[in-house]
Structure formats: structure tokens, C-alpha cells
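Each number in the numbering used here comes from the position in the sequence shown (counting from 1) with 1 added on.
Worksheet: one structure, shown below.
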Amino acid sequence: MSTTETGATDTGAAGVLPPRDVPLGGPRAMTVRRTLPQRERTLIGAWCFIDHYGPDDVATTGGMDVAPHPHIGLQTVSWLFSGEIEHRDSHGVHAFVRPGELNLMTAGQGIAHSETSTAATTVLHGVQLWVALPEQHRHTARDFHHHVPDAAPLPGGGEARVFLGTLAGDTSPVPTFTPLLGAELTLPAGATTTLDVDPTFEHGLLVDQGDVLFAGTPLHPADLGHLPPGRATLTLTNLSPTPARLVLLGGPPFGEQIVMWWNFIGRTGEEIVQARNDWQNAVRFGEVEGYPGDRLPAPELPQVALKARGNRD
């Protein structure tokens, strides 16, 4: 599947980043649709990773069962449309991810966590997002935030649930290390809405369901639309005969290159090698209590040198 961003962004149209299917491993494992990172685009603001999954019949796939694994240099953002996920981490947090509720975990200098769909879950559907931490904060302490945003009405119909940043008159109380926007949008059939946004932000729009126009560019389910900075408003139109559900992300261009391998974000290949060694030697990341199984071993490092990457524009 192509990983090329298409669209004449210099003339005002949105670029389109199509998804690629990525199996998470195991004989009955889920397959996710990944739209970030790609060869042509590493980041949208500080957003550096977008996995979109479901609706997934857990009776067929076994659902989600991700054993304890490490992270550095990032924040994980978990957001569900249906189902429930149990979260445990080495910061001592035992929490649940439910539809319409934000769970944000800060890895900083190192954290480990596990994620499993609960026994009551029959359908699992949502997104897993990562945020790259800026240089001055990437070694910060572990942390965790939970937030349940209210529905904010959108002009022209529909509603937004703002889990990070500000949109449609609502502001999330969850702190971030760079300016960010994250919101679930729902638009009725045929509705058009125009949103006031920060013109210093670039924006990404992930389509969960429906066919929409994003700044005049058609997007289909699982597509990620991208717009560079410079717009004070965004216009979205639902072209479908049924409601559309979207995830809007944004932030100012990150301005740093990152090295991204496995579950780690660093600035040099040597830093990634050290993080892998620390995980294999059971130091630095702490213990995840209560998970009924072994932790994930790190994969082998590639034979080529790990290099820092940023956006090409």
C-alpha cells in the first residue's frame, strides 16, 4: 500500500496519507491501520504515531493482549469508540480505557505498561496515539492523566469531545509539553461545520467512519488528511447518508528530528540501543504489577544504523 502523501497542499488542498495494515502479532492478533509515521511524513505537530483499529470482533481475534513493554521519550494517548481496555504500568497505575475517556501516559525517561481488552468486551474499536516529547522534557518523570471530556456542540451540527487542547469553546485540563489539539468529532449526515483553529498549527484528520471533505479534499474511512500551518479555520463536510466520526489532531511543527524504533523515541541511535539494553537487563523501566504473564522481549536491532528523521517539508 502506498505511503505517499498526495494532495496539493501549496494550493490549499489537504494532503492524504493512506493507511497500511500492520498485524500486532500472534495467531489471532488484531491488525491495525497505521497512518503515522510514513516515509513522507514523520510528525503532525508532536503527534508521531497513529494506529486505528476495529471494529474488531474479539471472539475471532482474541482482542488486545499486549504484555508489559517499555517506552521512552513519548506520551501514549488511548481513545476508544467501543470496548474496554485494562491498563497497568510501572508508575503504579491500574486504570481502564473506556469510550469517550482519555488515558494519557507519560513515559519520559522510562516506563513499562500492559494493555488487555476486558472479558466483557465483545467489540474493540479505537485509536492509539503517541506524542513525541520535546528535548527539554523528554527525560521527565513518569506520569498518568485520565480525563472525561464533555460533548461540545459544533456550528452546523454535531459535537466535539476535546481530549487535548482547545476547540469549539472547550479546553482540556490535561497538561501537555507542546501545544496540542486532540478531539473526536461527530457530524450528522450532510452536515458542514467550520472550526476556528490556531493558524500556527498543522492539522491531521483521521476518518473513522463516513466520507468527508476536509478543506475541499475527499477523505474516506481510515484516511488521514493533513494540512500545513496557516489556516485560522477548518471546514468539514460529511458526504455520507449516516453520521461521520473523525479524530482531529494538531500542533505547531515539532522542529526536532527523532529516532523512532520499537517503542522508543530518542535523538540518537546510541540512545535507542541503551534503552533496549536496559529493558533486556530489567533496569530503568520498573515493574508492572498484576499482569498474568511474562513481559515482551525486545526485538533484535536492525543491521543498519538508526537515523533521526523529521518531516521533509
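Glycine included, every Cβ here is placed at the ideal spot set by N, Cα and C.
Fewer than three beta-carbon pairs drawn from the segment 133-143 and the segment 167-175 are found closer than 8 Å, and the two stretches are therefore not classed as touching.
When DSSP assignments are scanned along the segment 181-222, the uninterrupted stretches of beta strand (DSSP E) that are 3 or more residues long and fall wholly within it turn out to be 182-188, 193-197, 203-210, 213-215 and 218-220.
Each residue's CA atom was taken as its position, placing aspartate 66 and proline 293 some 11 Å apart. Membership of arginine 35 in the beta strand (DSSP E) is indicated by the continuous run 32-37. In the displayed model, arginine 277 falls within a helix according to three-state DSSP.
Residue burial is scored here from C-beta neighbours: proline 242 has fewer than 16 other C-beta atoms within 10 angstroms and is therefore classed as exposed. DSSP places histidine 138 within a helical segment (H, G or I) once states are collapsed to three. Annotated three-state conformation of glycine 270 is helix, per DSSP.
For valine 124, the uninterrupted beta strand (DSSP E) segment begins and ends at 124-133.
Around the beta carbon of proline 154, a 10 Å sphere encloses fewer than 16 other beta carbons of the protein chains shown; the residue is thus reported as exposed. Under the criterion of beta carbons closer than 8 Å, glutamine 129 and serine 79 qualify as touching, at roughly 6 Å. Shown here for histidine 221: same chain residues with a beta carbon closer than 8 Å to its own, the five before and five after excluded, namely Val208 and Asp212 in chain order. One alpha carbon belongs to leucine 186, the other to histidine 92, and they sit about 31 Å apart. Excluding the 5 residues flanking it on each side, alanine 15 has same chain C-beta neighbours closer than 7 Å at Gly8, Phe215, Ala216, Thr218, Gly226, His227 and Leu228, in chain order. Nearest Cα to glutamine 76 within the set Ala113, Leu240 and Pro69: Ala113. Residue pairing for aspartate 52: DSSP places it in a beta bridge opposite Arg35 and Gln129. Beta bridge pairing from DSSP links valine 260 with Gly267. Put simply, of Val59, Gly101, Ile45 and Ala223 the residue whose alpha carbon is nearest the alpha carbon of proline 19 is Ala223. Only residues of its own chain outside the window of five on either side were considered, and among them Leu81, Phe82 and Ser83 have a CB closer than 7 Å to the CB of proline 100, listed in chain order.
Listed in chain order, the non-local C-beta contacts of glutamate 116 below 7 Å within the same chain comprise Met65, Val67, Ile86 and His88, local neighbours out to five positions each way being set aside.
Asparagine 312 sits away from proline 230, with the two beta carbons spaced by 9 Å or more. Within the DSSP secondary-structure output, glutamine 304 pairs in no beta bridge.
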